[in-house]
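Asker: Handing you a structure now.
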Amino acid sequence: VNQQSQITSFFSKA
Amino acid sequence: MLELRLVQGSLLKKVLESIKDLVNDANFDCSATGFSLQAMDSSHVALVALLLRSEGFEHYRCDRNISMGMNLGNMAKMLKCAGNDDIITLKADDGSDTVTFMFESPTQDKIADFEMRLMDIDSEHLGIPEAEYHAILIMPSAEFARICKDLSSIGDTVVISVTKEGVKFSTRGDIGTANVVCRQNTTVDKPEEATVIEMPEPVSLTFALRYLNSFTKATPLSNTVTISLSSEIPVVVEYKIAEMGYIRFYLAPKIEE
Chain C
21 VNQQSQITSF
31 FSKA
Chain W
376 MLELRLVQGS
386 LLKKVLESIK
396 DLVNDANFDC
406 SATGFSLQAM
416 DSSHVALVAL
426 LLRSEGFEHY
436 RCDRNISMGM
446 NLGNMAKMLK
456 CAGNDDIITL
466 KADDGSDTVT
476 FMFESPTQDK
486 IADFEMRLMD
496 IDSEHLGIPE
506 AEYHAILIMP
516 SAEFARICKD
526 LSSIGDTVVI
536 SVTKEGVKFS
546 TRGDIGTANV
556 VCRQNTTVDK
566 PEEATVIEMP
576 EPVSLTFALR
586 YLNSFTKATP
596 LSNTVTISLS
606 SEIPVVVEYK
616 IAEMGYIRFY
626 LAPKIEE
């Protein structure tokens with residue numbers, strides 16, 4: 021099944 | 376003191392219409408370089424980044440960097456009161472907790488000003504790394520909007536696959552399946568009607584259609600849309616804003632578990 025990932029797991033806090 | 380005067384006020388109207396349903400509250404950052412915003416939707420699946428460069432404003436005064444927290448729904452309500460041909464000026468005094476939107480009709484015979492209370496929004500800025508994309512698609516924005524709308528009537532996720540043949544949008548749902556293939560087509564009389572695919576290597580990713588449909592609300596801003604894809608990282612859907620800047624939507628992929 022396709023699990024929706026989150027933006028925050030790709031872009032870190034600046 | 377902040378005073379930004381945008382002759383093409385309709386651009387700001389369109390920007391708000393394209394983000395108000397995705398993001399509720401956001402900080403607008405003003406600096407010498409321009410007027411920008413970066414915000415995630417409530418589920419942290421999508422991120423929008425807006426930039427309107429200072430050179431695009433007829434008058435751009437920003438004495439010091441300032442961040443203004445606004446409820447985008449309320450801001451959109453006020454901007455709806457501006458005419459499409461109005462000049463829109465955004466003003467805020469230092470230390471003030473309100474922002475004023477001034478609308479001037481082209482013949483200057485009608486001037487309106489709307490004042491909105493600012494909010495305190497603690498939002499972290501995310502670092503968006505420059506990525507090498509495996510595939511970059513440039514296509515008519517109306518066409519992309521039509522594909523997303525049509526496919527979302529069949530299924531709720533879309534697989535976007537780019538090969539040398541072209542780009543394929545596929546979905547499946549209870550009633551059946553749908554596939555739309557767009558081939559590279561540069562033999563068009565108007566450049567904005569071309570479909571260009573720069574594909575150093577094939578790529579295939581899965582996304583939730585409801586977010587892509589939300590992004591296509593920015594269609595009125597640009598005749599073309601640029602979609603940049605790379606395996607296992609968010610897709611970027613970018614609409615240029617008439618040589619002023621851009622609005623970029625990032626969407627995290629759905630990943631096989």
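Residue numbers (my numbering), protein chains in the order written: chain C, 21 to 34; chain W, 376 to 632.
All C-beta atoms, glycine included, are put in the ideal place defined by N, C-alpha and C.
Please compile the residues from chain C whose C-beta is within a distance smaller than 7 Å of the C-beta of residue 532 of chain W.
Answerer: 22
Asker: Can you pull out the residues from the segment 495-508 of chain W whose beta carbon lies closer than 7 Å to at least one beta carbon of chain C?
Answerer: 499, 500, 501, 502 and 503
Asker: In chain order, what residues of the same chain lie with their CB nearer than 6 Å to the CB of residue 459 of chain W, ignoring the 5 residues before and after it?
Answerer: 385
Asker: Can you name, in chain order, every residue of its own chain whose Cβ lies under 7 Å from the Cβ of residue 523 of chain W, other than the five neighbours on each side?
Answerer: 584, 587, 588 and 591
Asker: Name the two residues that bound the continuous beta strand (DSSP E) containing residue 441 of chain W.
Answerer: 441-446
Asker: May I ask which residues mark the beginning and end of the beta strand (DSSP E) holding residue 551 of chain W?
Answerer: 551-558
Asker: State yes or no: is the beta carbon of residue 632 of chain W nearer than 9 Å to at least one beta carbon in chain C?
Answerer: yes
Asker: Strictly below 9 Å CB to CB, what residues from chain C border residue 581 of chain W?
Answerer: Neighbours of residue 581 of chain W on chain C, chain order: 22.
Asker: Pull up the CB-CB distance for residue 492 of chain W and residue 433 of chain W, whole angstroms please, since I reckon it's below 8 Å.
Answerer: Contact doesn't hold; Cβ gap of about 27 Å is too wide.
Asker: How many angstroms separate the CA atom of residue 631 of chain W from the CA atom of residue 21 of chain C?
Answerer: Looking at the two C-alpha atoms, the distance is approximately 6 Å.
Asker: Are there 16 or more other CB atoms within 10 angstroms of the CB of residue 483 of chain W, so buried, or fewer, so exposed?
Answerer: So residue 483 of chain W ends up on the exposed side.
Asker: Would you check if the distance between the CB atom of residue 596 of chain W and the CB atom of residue 389 of chain W is smaller than 9 Å?
Answerer: Residue 596 of chain W is a Cβ neighbour of residue 389 of chain W, given a cutoff of 9 Å.
Asker: Check residue 546 of chain W in the structure and name its three-state DSSP category.
Answerer: strand
Asker: What does residue 405 of chain W pair with, by DSSP beta-bridge criteria?
Answerer: W:410 and W:441
Asker: Return the CA-CA distance between residue 437 of chain W and residue 34 of chain C, expressed in angstroms with no decimal places.
Answerer: 23 Å
Asker: Report the option in W:544, W:512, W:515 and W:494 whose CA atom is closest to the CA atom of residue 403 of chain W.
Answerer: Selected option, being the one with the closest Cα: W:494.
Asker: Which residues share a DSSP beta bridge with residue 581 of chain W?
Answerer: W:534 and W:629
Asker: Let me know if residue 490 of chain W comes out buried or exposed under the rule of 16 or more other beta-carbons within 10 Å of its beta-carbon.
Answerer: exposed
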